Amino acid sequence: MHNESSNPYDVVIIGAGFAGLCMGVKLREAALQNFVILEKADDLGGTWRENTYPGAACDIPSALYSYSFAHNAGWESIWSGQAQILAYQHAVAEQHKLAPHIRYGQHINAIQFDADQAVWNVTTIDGTQYQARHVVSAVGQLHHPSVPDITHAAAYTGKCFHSAEWRHDLDLKGKRVAVIGNAASAVQFIPKVAEQAAALTVFQRSPNWILPKVDRHYSRWEQRLSARVPTITKLYRWAIWALGEYVLFPAIQGKPMRRWLIKQLCLRNLRRAVKDPELRHKLTPDYPVGAKRVLFGDQYFPALTRDNVTLCTDPVSEFTETGLRTKAGHEIACDVVIYGTGFRTNPFLADIEVLGRDQQRLHSAWADGAHAYLGISTHGFPNLHFLYGPNTNLGHTSILIMLEAQADYVIRLITHQQKLGQLCGEVRVAPETEFNAEVQGRMQSLAFSEIDTSWYMHHGKITNNWVGGTREYQRRLAAFNPDDYQFS
């Protein structure tokens, strides 16, 4: 076993996506320079490094899906694609001098708290070990592809892959392609596949509520104006945030007028693109607006009306040698099968063994569903902090708002602990218990709880999503209360 450093770091950050980069920037701003960011891959970017499927883009306008402290006047369009977002992340890392802090190829498989030394031992799959007073988990919620267990998959002689592991070496031109699932990623790549495939069959379990995606390229003068007068972009950013916070989120809350408005906009988007009443019926959700993430798209519905595209609502039963067989017994011949089934979001930190105080396993503590105080701290695991942790996902606006608030909170927690001269900070049982009871209680009134199955849910509880708006979350984290923690 190789020990990377003889002296412990103040902070080890796991992951160099948006969360990890944000934490690194905040640490440098707070003059806490003794930290390292451990990244399993050979590049930073997280989700935006991994997902390179055709049409990959963010479903939040770039003016808001960016850091408040890193204005970018160079966005090419309202909704940016994967390559632009990854380039933005690289620019932020360069601007804030994060490169010396990042170690690539460091795939963490275990972290263990040493109570005697008050440090975390962080171990990679090749045995390299790091020590740190604090560990910040910045691994995110959307990085484990969800692949359904379909009978006889090994018998299939064609090509098969998940959208997050796109086979760019495969030419889909003239091929018979089947897409299983219509998660947010599928809504983006299906139109691109439809343009190439000789025949495309889309297997849909449940349809999506989809709002129109009004997109356009920015002109040169708009980009120059944004660079010279950043206030304009800030106002635009605020307007996008306000639409999500005061129109879309109230629909999730069940506010009748907002829910009706969003539903009508989605239905109008569907009617304008799909004239066939039977196809339109298949594409109309039977669950409330907001129960699943409301998507944005202007190419998905038109793609399904193409002559070479078939939408199938008969579930896949099994693979055959040459394709797929449905539950009703229909056989679909295909050369390529693509999973558009999204990601496994539970359990959190699925591939890392986390041992806290008294060798307590995090996965055991979270066996009935992940929970953490403010989504950041959990009792029994001192100096372990989560970014994008339990109950902090959003269904209506940019997750980067949450990440910045969380990183600021972790800084306040660490600096307060250092001022006290204490080595450990652990959330008390009572605040965590009360917070999680409040979250689960309020969750019952939201649209997320109006359906039985979604990636938000684990063991019947919504463990991924936040119950309020971003402004409420920011206020709660700004009101840091040291009494919520026990320092020693």
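Residue 73 is where the sequence shown starts when you use the numbering used here, and the numbers rise one by one after that.
Note that CB positions come from ideal geometry on N, CA and C, so glycine has one too.
Just so you know, these numbers come straight off a predicted model, no measurement behind them.
Leaving aside the five residues that flank Ile304 on each side, the residues in its chain whose CB is nearer than 8 Å to its CB run, in chain order, Leu297 and Ser298.
Contact between Tyr372 and Val259 is confirmed by a C-beta separation of about 5 Å, below the 8 Å threshold. Beyond the five residues adjoining it in sequence on each side, Val219 comes within less than 8 Å, by CB distance, of His234, Tyr411 and Thr413 in the same chain, given in chain order. Annotation for Gly96: the continuous alpha helix (DSSP H) segment containing it runs Phe90 to Glu101.
Annotation: Tyr318 to Gly395 spans about 46 Å, alpha carbon to alpha carbon.
Counting along the chain, Tyr481 sits inside the alpha helix (DSSP H) bounded by residues Ile471 to Leu492. In the DSSP assignment, Ile334 falls within the alpha helix (DSSP H) that extends over Pro328 to Ala345.
For Pro217, the beta-bridge partners assigned by DSSP are Phe415. Of the other Cβ atoms in all chains shown, 16 or more fall within 10 Å of the Cβ of Arg331; this residue is therefore buried. Setting aside the 5 residues that flank it on each side, Phe507 is surrounded in the same chain by Tyr445 and Leu446, each with a C-beta closer than 7 Å to its C-beta; the list follows chain order. CA-CA distance, Lys285 to Leu320, rounds to 15 Å. Here Met329 is exposed: its Cβ has fewer than 16 other Cβ atoms, across all protein chains shown, within 10 Å. Sequence-distant Cβ neighbours of Ala145 in its own chain, meaning closer than 6 Å and more than five residues away, are Gln295, Ser298 and Ala299. Within the region 153-218, the runs of beta strand (DSSP E) at least 3 residues long that lie entirely inside it are, in chain order, 180-186, 191-196 and 201-209. DSSP places Ser449 within a strand segment (E or B) once states are collapsed to three.
According to DSSP, Gly395 shares a beta bridge with Ala405. In terms of Cβ geometry, Gln161 and Gly117 form a close pair [threshold 8 Å]. For the pair Ala113 and Arg121, the CB atoms are nearer than the 8 Å cut-off.
A residue is called buried when at least 16 other Cβ atoms come within 10 angstroms of its Cβ; Leu307 does not meet this threshold and is exposed.
Judged by DSSP secondary structure, His234 falls outside any alpha helix (DSSP H) and instead within the beta strand (DSSP E) spanning Lys231 to His234.
Straight across, the Cα-Cα distance linking Gln268 with Ala250 is about 13 Å. Beta-carbon to beta-carbon, Glu522 and Tyr359 are separated by about 7 Å, close enough to satisfy the 8 Å threshold. Assigned with DSSP and collapsed to three states, Ile150 falls in coil, not helix or strand. The beta carbon of Leu459 sits closer than 8 Å to those of Ala91, Gly92, Cys94, Met95, Val208, Ser209, Ala210, Ile448, Leu475, Gln478, Ala479 and Val482, all from its chain and outside the five residues before and after it, given in chain order. Taking a C-beta distance under 8 Å as the contact criterion, Ala204 and Val83 qualify as a contact pair. Look at Asn537 here: in three-state DSSP terms it is strand. Per DSSP, the continuous alpha helix (DSSP H) segment holding Ala256 begins and ends at Ala256 to Gln268.
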